[in-house]
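Numbering (this note's numbering), first residue to last: 32 to 654.
Where a beta carbon is used, it is the ideal one built from N, C-alpha and C, also for glycine.
Notes to accompany the following structure.
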Ligand SMILES: [Zn+2]
């Protein structure tokens, strides 16, 4: 294969000097050498394996060239053909050949030669001969090779192969894994904040491997969302717990943007709707088809479907033609292309009038009158660019001279084209949104998950460094969904409604968090510290809206929003203590625990400045 002697010596040294030891009763005993072998976990091993398989590749290619093997021939719509003989990925290998005994015999020779020349052994027990369609004498052929007979559908690289793409059965495994995960956690008591984190981190990421290639059927998506939803709200299939908030509301992602720094931080309180994620993941293939170089998968799809225009995309699938997987992916083409733009290099693969490469959309749409008059409607950018004109310039040809009122249009077009020119680079595509220029699933998701129009004090709730469970509580409260006595009454519970803290007014969410006289003592502490008077709004949501704190100065603003959440949280915990454990209210203790809570969150921001509680209060009060 053309490797130098020195390189071969190095590799030989690596594989011939490994020494092994055996653990006997947990104690390593002695060392022995071997002639060939790598140390366990040696990073060289996958590379050597790939090099070894290169030999195999060459053997197969030679056999095909000599007519001994025939591979799998793909016939495209446009009459194009393409031969695929084998696929190698890591240690998974697929070889295609015709279902004839002679071919299988030849294949078994190739395998034998490969074993002999490389010293690698093929594990026939893990290999299978899979017939596609009607195949006679498949058993005999399997005996010839020495492996067993498999059948479609099967699994390749963890993904289903040969199953109908709409079959719900291929999602059973995904659902099963998710349920199993859930069952492990259900035994433990986990707070809402913890649950959200778990859903975000694990449950949500589990099906993405499947979702990145296949469209999940609607009923499967519904079932999976149900599992996650039940988990979040602490219910199971058997437990009939109330879901406090409509799921649609939970799914709406809450964003918190730091626009000034051009940096966006997204907090998803729950991962999101699976369907939208699925669309974003499938869309990535549209992007990859346009932006990847000519690699195997792209060649196969391109041959099968035929390419459109300058080869950035495939033709649409028509009728029953083509395979389901790519057909489903093509359904995402429209929104993807609406967000793609061309970056002109040589200009040979971009249409001057009809592709979007400058301005806000294609030039034919921006200047329809000029497009109608153009004689070069199908011209590429390169065709229109004339490099013989000094530094180069645009050479637009129209079917007639312009009227005076049309000259402005020409002027506008030329102004737009100023700054563009062809170069020696290849033409390429880029993603319009975001700063990266490349497709990112996260950006695509945000695009598809159209922003919810409901006005909502997002910024005040999803505050950095505040525990998720606290933010979640404030969020529930602002929707009026915490279980206060008035809500329990509405649900038909027979009980007297009397505030646990002040003992004189009926309890509802606005009273217990804002208006109760006991709670006001906490508000007073804060307002006194910063020296302001505040007219309290009626509802929790309005409080969140108007808690702007523009008067506290930049230094303290960072913790300003957490103050609000801290009051809510401290009060609600105290209220629950009184409600469920009984006992007396100690206002001084309540004040202390509020200040201590706040201090513990604020320390994250402030570091050394506030090593004691007293320092902290001074820091808070200082102008
Ligand atoms: Zn009260």
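Is the beta carbon of residue i less than 8 Å from the beta carbon of residue j?
| i | j | result |
| --- | --- | --- |
| residue 531 | residue 538 | yes |
| residue 208 | residue 359 | no |
| residue 330 | residue 113 | yes |
| residue 151 | residue 177 | no |
| residue 451 | residue 224 | no |
| residue 411 | residue 382 | yes |
| residue 136 | residue 175 | yes |
| residue 107 | residue 342 | no |
| residue 158 | residue 128 | no |
| residue 153 | residue 213 | no |
| residue 206 | residue 251 | yes |
| residue 599 | residue 505 | yes |
| residue 242 | residue 312 | yes |
| residue 558 | residue 550 | no |
| residue 497 | residue 321 | no |
| residue 512 | residue 370 | no |
| residue 509 | residue 566 | no |
| residue 374 | residue 470 | no |
| residue 204 | residue 149 | no |
| residue 95 | residue 130 | no |
| residue 548 | residue 533 | yes |
What number of angstroms, rounded off, separates the C-alpha of residue i from the C-alpha of residue j?
| i | j | result |
| --- | --- | --- |
| residue 603 | residue 473 | 35 Å |
| residue 499 | residue 541 | 22 Å |
| residue 118 | residue 378 | 35 Å |
| residue 98 | residue 139 | 15 Å |
| residue 403 | residue 416 | 19 Å |
| residue 390 | residue 447 | 7 Å |
| residue 310 | residue 652 | 51 Å |
| residue 35 | residue 79 | 15 Å |
| residue 554 | residue 190 | 57 Å |
| residue 296 | residue 162 | Bear in mind that the predicted position of residue 296 carries a pLDDT of just 25, short of 50, making it unreliable; the figure below should be weighed with that in mind. Taking the straight line joining both Cα atoms gives about 51 Å. |
| residue 48 | residue 87 | 26 Å |
| residue 546 | residue 595 | 14 Å |
| residue 647 | residue 263 | 36 Å |
| residue 270 | residue 181 | Summary for residue 270: the model assigns pLDDT 42, below 50, so the residue's position carries little reliability, and this model does not support an answer. |
| residue 644 | residue 623 | 10 Å |
| residue 287 | residue 588 | Model confidence at residue 287 stands at a pLDDT of 36, short of 50, so the residue's coordinates are unreliable; what they give is reported in the following sentence. In a straight line, the C-alpha of residue 287 is about 16 Å away from that of residue 588. |
| residue 524 | residue 348 | 59 Å |
| residue 423 | residue 413 | 11 Å |
| residue 39 | residue 141 | 25 Å |
| residue 444 | residue 436 | 14 Å |
| residue 120 | residue 183 | 19 Å |
| residue 340 | residue 597 | 60 Å |
| residue 426 | residue 134 | 59 Å |
| residue 267 | residue 77 | Legend: pLDDT at residue 267 = 48, less than 50; position of this residue unreliable, value from coordinates given subsequently. Approximately 44 Å between the Cα atoms of the pair. |
| residue 198 | residue 574 | 51 Å |
| residue 50 | residue 58 | 16 Å |
| residue 255 | residue 480 | 19 Å |
Regarding residue i and ligand 3, is the C-beta to nearest heavy atom distance less than 7 Å?
| i | result |
| --- | --- |
| residue 615 | For the structure depicted, ligand 3 is absent and the ligand set comprises only ligand 1. |
How close, in whole Å, do the beta carbons of residue i and residue j come, if the pair is a contact with beta carbons under 8 Å?
| i | j | result |
| --- | --- | --- |
| residue 376 | residue 458 | 5 Å |
| residue 144 | residue 90 | 6 Å |
| residue 45 | residue 75 | 6 Å |
| residue 173 | residue 160 | 5 Å |
| residue 333 | residue 345 | 6 Å |
| residue 520 | residue 526 | 7 Å |
| residue 317 | residue 364 | 5 Å |
| residue 577 | residue 632 | That belief does not hold up - the Cβ atoms of residue 577 and residue 632 are roughly 22 Å apart, past 8 Å. |
| residue 384 | residue 395 | 4 Å |
| residue 433 | residue 406 | Not really, about 14 Å apart at Cβ, beyond 8 Å. |
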